[in-house]
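Novice:
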Amino acid sequence: NGGFMSNPYITSAQELAAFIRSSDNTLKSRPIWGVSGLSIIKEGARWSFHFKHAGRRYHGTLGTYPQVSLKEAKAVFQRKRFAITDGITPAPRHRPKPRPRTNTQKNVALPTSSRFQDVKVQYFRFRLEQLRIKGNNKLPTKSVARMEELYNRFAKPVIDNLPVAELGNSHIIKILASVESDTSRSKLKSVLSIFIQWLVQQSLIDPDRLNINWRVINGMLPKTTQASRNYPRVAIADIPRFIAYALKPRETFRDNLIGLSLALVTLTAQRAGPIFSPDTTPIGDDATKFCHWEDVDFSSAVLSIPATYMKVSQINGFSLPPFRVPLSKEALWRLNKIRQLWSELGIILKPSDFLVPQYDDPTYPQKAFALRLFIEKTLHQESLQETGKGFFDPDQKDKVATTHGLRSSFADWAASNGYPDDLIEKALAHTMPKVKRAYRRDDMLEVRRPMMNAWGAYCFSQLPFII
Numbered sequence: 001n002g003g004f005m006s007n008p009y010i011t012s013a014q015e016l017a018a019f020i021r022s023s024d025n026t027l028k029s030r031p032i033w034g035v036s037g038l039s040i041i042k043e044g045a046r047w048s049f050h051f052k053h054a055g056r057r058y059h060g061t062l063g064t065y066p067q068v069s070l071k072e073a074k075a076v077f078q079r080k081r082f083a084i085t086d087g088i089t090p091a092p093r094h095r096p097k098p099r100p101r102t103n104t105q106k107n108v109a110l111p112t113s114s115r116f117q118d119v120k121v122q123y124f125r126f127r128l129e130q131l132r133i134k135g136n137n138k139l140p141t142k143s144v145a146r147m148e149e150l151y152n153r154f155a156k157p158v159i160d161n162l163p164v165a166e167l168g169n170s171h172i173i174k175i176l177a178s179v180e181s182d183t184s185r186s187k188l189k190s191v192l193s194i195f196i197q198w199l200v201q202q203s204l205i206d207p208d209r210l211n212i213n214w215r216v217i218n219g220m221l222p223k224t225t226q227a228s229r230n231y232p233r234v235a236i237a238d239i240p241r242f243i244a245y246a247l248k249p250r251e252t253f254r255d256n257l258i259g260l261s262l263a264l265v266t267l268t269a270q271r272a273g274p275i276f277s278p279d280t281t282p283i284g285d286d287a288t289k290f291c292h293w294e295d296v297d298f299s300s301a302v303l304s305i306p307a308t309y310m311k312v313s314q315i316n317g318f319s320l321p322p323f324r325v326p327l328s329k330e331a332l333w334r335l336n337k338i339r340q341l342w343s344e345l346g347i348i349l350k351p352s353d354f355l356v357p358q359y360d361d362p363t364y365p366q367k368a369f370a371l372r373l374f375i376e377k378t379l380h381q382e383s384l385q386e387t388g389k390g391f392f393d394p395d396q397k398d399k400v401a402t403t404h405g406l407r408s409s410f411a412d413w414a415a416s417n418g419y420p421d422d423l424i425e426k427a428l429a430h431t432m433p434k435v436k437r438a439y440r441r442d443d444m445l446e447v448r449r450p451m452m453n454a455w456g457a458y459c460f461s462q463l464p465f466i467i
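Residue numbering for the sequence shown follows the numbering used here, starting at 1 and increasing by one per position.
1. Out of ASP442, ASP118, TYR123, which one is the CA nearest neighbour of GLU148?
2. Let me check one thing: in DSSP terms, what residues is TRP47 bridge-paired to?
3. Between the stretch 167 to 187 and the stretch 132 to 140, do three or more beta carbon pairs fall short of 8 angstroms?
4. Taking a contact to mean a Cβ-Cβ separation below 7 angstroms, would you say GLY259 touches ALA246 in this structure?
5. Are SER29 and VAL234 touching if we call contact CB-CB under 7 angstroms?
6. As an exercise, report each continuous alpha helix (DSSP H) stretch of at least 4 residues that is fully enclosed by the stretch 177 to 233, in chain order.
7. According to DSSP, GLY60 sits in a beta bridge with which residue or residues?
8. Under 8 angstroms Cβ to Cβ from ASN213, same chain only, skipping five residues before and after it: list those, please.
9. Is DSSP giving GLN314 helix, strand or coil here?
10. Using only alpha-carbon positions, find the residue among HIS430, SER461, ALA411, LEU463 that is nearest to MET451.
11. Tell me the rounded alpha-carbon separation between ASP160 and ARG449.
12. Would you check if there are 3 or more beta carbon pairs closer than 8 angstroms linking the stretch 365 to 374 to the stretch 397 to 408?
13. Over the uninterrupted beta strand (DSSP E) stretch that includes PHE323, give me the two end residues.
14. Out of VAL144, ARG334, SER114, state which residue places its alpha-carbon closest to the alpha-carbon of LEU355.
15. Tell me where the alpha helix (DSSP H) around SER409 begins and ends.
16. Please check the pair LEU38 and PHE82, which I expect to be a contact at CB under 8 angstroms, by giving their CB distance rounded to whole angstroms.
17. Give the DSSP-derived three-state secondary structure of THR431 in the structure shown.
18. Can you give me the start and stop residues for the beta strand (DSSP E) that TYR364 sits inside?
19. Quick check: VAL144 and LEU128, are their CB atoms within less than 7 angstroms of each other?
20. Name the DSSP beta bridge partners of VAL302, please?
21. Take ARG241 as the anchor and find which of GLY63, ALA17, GLN14, THR387 has the nearest alpha-carbon.
22. So which of GLY63, TYR58, VAL68 has the shortest CA-CA distance to ILE84?
23. With distance defined between alpha-carbon atoms, name the residue in GLN462, THR183, MET220, LYS120 nearest to ILE194.
24. Can you tell which of GLN67, ASP361, ALA301, ASP398 has the C-alpha that lies nearest to the C-alpha of GLU376?
25. Going by alpha carbons, who is nearest to ALA237 out of SER416, TRP47, ILE348, PHE323?
26. Quick one: measure Cβ to Cβ for ARG407 and LEU428, integer angstroms, because I've assumed they're closer than 8 angstroms.
27. Using CA atoms only, rank isn't needed, just tell me which of GLY55, SER299, HIS50 is closest to LYS80.
28. Tell me whether the beta-carbon of LEU267 lies closer than 7 angstroms to the beta-carbon of GLY456.
29. May I ask which residues mark the beginning and end of the beta strand (DSSP E) holding PRO31?
30. Can you name the start and end residues of the alpha helix (DSSP H) that GLN117 belongs to?
31. So for SER261, helix, strand or coil by DSSP?
32. Hey, would you say PRO362 sits closer than 7 angstroms to TYR309, going by beta carbons?
33. So, with DSSP's three-state summary, where would you put PRO92?
34. So what's SER170 in DSSP terms, helix, strand or just coil?
35. How would you call PHE298, buried or exposed, if buried means at least 16 neighbouring beta carbons within 10 angstroms?
36. What do you reckon, are the CB atoms on LEU257 and TYR359 nearer than 7 angstroms?
This is the structure in structure tokens:
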């Protein structure tokens, strides 16, 4: 259909399933977003890969869907690719016969420096290992895949065939000038900067001859043509109405659980990441880095989020203490309602269970994608039909509010009610500037509590019942 043609990439498990089930055979196969070289072939639902390394092409299959899931195919492909690039893959059964040389002296190749296409896979492998060692990223494979996607989209056409020792300011300028978004340009700068540092460490670039001047580069770049857009939020005045819609009694367990989840993330003003799983479920030890019931102290009304669950878990190599969130009576009520919902199904949540288990499999945390979809497809549509308002961002009229945008709604409300910026930043778990951080080490838990209590009361001010 038109969606397939406009975006050939598979970006989620839901999109993959829809493509395989579709009767439209316009596209015989589709590439997987963020994993260059991996694709799914519609006929037989076969996983296929192809990539080039050291002048040789590699291709093969990885089984069929759904026996091999999207997550598994990505992981298997990355392991296979790294095994080949690290030189530990088995040799091919049939080696091509060497061509006879008629003039040996004439065909001797002069030694040349490595090109970017020869070393880029090793660099991204280094970045993956670096993130895994630091341990503060739940999805290191996905993060590195995004870096590689940026490189392939913007840098590959310019420098892939360039000897690394010849890299100069003009190449960086040409790469970054083609990026239209501020956010993408900033991320690509980071990718290139660390790549260059790695090349120096690997003795592939002589630091004394390195010709990269970021000040010159930044001064030569044209202005981006795509304005940075913030996460769409709910207007301050619409927050009570939003919470009322979220907590309306609904027919299914799933919808009631997600409504409670939206209220909880709004009342705590936290990122979804420490509580709800991202769209690509983490694997291994990272799969447990989400809030559990043992992290809630009902007697002191505090949620303690371990640093490893947070976006920033260490500063200057030192692990941070757990981030404490003062819980209003409204937030505590939400938590009790979540436990009650599960108990009605005969499942008593234990301290070691996830704070919000996935509605169809309590051994996993609920996915954040379900919350975003519930806002867009349920709450927004219901509000449009009943009031004509919906939940559009007040500044981006065509954008529907998102889960992350609820943090902005809280910050706007707190600022408009006279709360200090430092207190708001603490509540949002933002990292303070280095100097301030050195002198303000207390998390101001009890100072934040009146603000969170007032926020809870405001959020519930249009509910037709009293706690």
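Every residue, glycine too, gets a C-beta built ideally from N, C-alpha and C.
Specialist: Put simply:
1. Residue 148 sits at position 148 when you count from the first residue of the sequence shown. Nearest to GLU148 by C-alpha distance, out of ASP442, ASP118, TYR123, is TYR123.
2. Locating residue 47 in the sequence shown gives position 47, where the first residue counts as 1. DSSP lists ILE40 as partners of TRP47.
3. Contact check between the stretch 167 to 187 and the stretch 132 to 140: fewer than three CB pairs, one atom from each, fall below 8 angstroms, which does not count as touching.
4. What you label residue 259 is simply residue 259 of the sequence shown in a count that begins at 1. What you label residue 246 is simply residue 246 of the sequence shown in a count that begins at 1. Against a cut-off of 7 angstroms, the Cβ pair of ALA246 and GLY259 comes out as a contact.
5. By one-based count along the sequence shown, residue 29 stands at place 29. By one-based count along the sequence shown, residue 234 stands at place 234. No; because the gap between Cβ atoms is not below 7 angstroms, this pair is not in contact.
6. 182 to 201, 214 to 220
7. Taking the sequence shown and counting its residues from 1, the one referred to as residue 60 is at position 60. DSSP lists PHE49 as partners of GLY60.
8. The residue given as residue 213 occupies position 213 in the sequence shown. Cβ within range, chain order: ASN169.
9. Residue mapping note: residue 314 aligns to position 314 of the sequence shown, counting from 1. In the structure shown, GLN314 sits in a strand (DSSP, three-state: E or B).
10. Numbered from 1 along the sequence shown, position 451 holds the residue referred to as residue 451. Nearest C-alpha to MET451: ALA411.
11. Within the sequence shown, the letter at position 160 stands for residue 160. Within the sequence shown, the letter at position 449 stands for residue 449. Cα-Cα distance, rounded: 54 angstroms.
12. yes
13. Within the sequence shown, residue 323 is the residue found at index 323, counting from 1. Where PHE323 is concerned, the enclosing beta strand (DSSP E) stretches over 323 to 326.
14. Position 355 of the sequence shown, counted from the first residue, corresponds to residue 355. Among VAL144, ARG334, SER114, the Cα nearest to that of LEU355 is on ARG334.
15. The count along the sequence shown starts at 1 and reaches residue 409 at position 409. Element bounds for SER409: 405 to 416.
16. The count along the sequence shown starts at 1 and reaches residue 38 at position 38. The count along the sequence shown starts at 1 and reaches residue 82 at position 82. That belief does not hold up - the Cβ atoms of LEU38 and PHE82 are roughly 13 angstroms apart, past 8 angstroms.
17. Taking the first residue of the sequence shown as 1, we reach residue 431 at position 431. Correct three-state label for THR431: coil.
18. For the purposes of this step, residue 364 is taken as residue 364 along the sequence shown, with counting starting at 1. Element bounds for TYR364: 361 to 365.
19. Position 144 of the sequence shown, counted from the start, is the residue given in the question as residue 144. Position 128 of the sequence shown, counted from the start, is the residue given in the question as residue 128. Contact: yes.
20. Within the sequence shown, the letter at position 302 stands for residue 302. Partner residues in the beta bridge of VAL302, as assigned by DSSP, are ASP297, PRO326.
21. For this step, residue 241 is matched to residue 241 along the sequence shown. Of the listed residues, the one whose Cα sits closest to ARG241 is THR387.
22. Mapped onto the sequence shown, residue 84 falls at position 84. Residue nearest to ILE84 within the set GLY63, TYR58, VAL68 is TYR58 (criterion: CA-CA distance).
23. Within the sequence shown, numbered from 1, the residue matching residue 194 stands at position 194. With distances taken between Cα atoms, ILE194 lies closest to LYS120.
24. Along the sequence shown, read from residue 1 onward, the residue named residue 376 stands at position 376. The shortest CA-to-CA distance from GLU376 to any of GLN67, ASP361, ALA301, ASP398 is the one to ASP398.
25. If you number the sequence shown from 1, residue 237 lands on position 237. Distance check between ALA237 and each of SER416, TRP47, ILE348, PHE323 places SER416 closest, using alpha-carbon atoms only.
26. By 1-based counting over the sequence shown, the position of residue 407 is 407. By 1-based counting over the sequence shown, the position of residue 428 is 428. The pair is a contact, with the Cβ atoms about 6 angstroms apart (cut-off 8 angstroms).
27. Here the question's residue 80 lines up with position 80 in the sequence shown. Per the Cα distances, HIS50.
28. For the purposes of this step, residue 267 is taken as residue 267 along the sequence shown, with counting starting at 1. For the purposes of this step, residue 456 is taken as residue 456 along the sequence shown, with counting starting at 1. Closer than 7 angstroms, so yes.
29. The count along the sequence shown starts at 1 and reaches residue 31 at position 31. Its beta strand (DSSP E) spans residues 29 to 31.
30. Position 117 of the sequence shown, counting from 1, holds the residue named residue 117. Per DSSP, GLN117 belongs to the alpha helix (DSSP H) from 116 to 134.
31. Within the sequence shown, numbered from 1, the residue matching residue 261 stands at position 261. If DSSP states are grouped into helix, strand and coil, SER261 belongs with the helices.
32. What you label residue 362 is simply residue 362 of the sequence shown in a count that begins at 1. What you label residue 309 is simply residue 309 of the sequence shown in a count that begins at 1. No, Cβ-Cβ distance for PRO362 and TYR309 is not below 7 angstroms.
33. Looking up residue 92 in the sequence shown gives position 92. Summary for PRO92: the model assigns pLDDT 44, below 50, so the residue's position carries little reliability; its value from the coordinates is reported in the next sentence. Three-state result, PRO92: coil.
34. Here residue 170 corresponds to residue number 170 of the sequence shown, with the count starting at 1. Here SER170 sits in helix by DSSP.
35. To locate residue 298, count along the sequence shown from 1; it is residue 298. With fewer than 16 other Cβ atoms within 10 Å, it is exposed.
36. For the purposes of this step, residue 257 is taken as residue 257 along the sequence shown, with counting starting at 1. For the purposes of this step, residue 359 is taken as residue 359 along the sequence shown, with counting starting at 1. Result yes, Cβ atoms of LEU257 and TYR359 sit closer than 7 angstroms.
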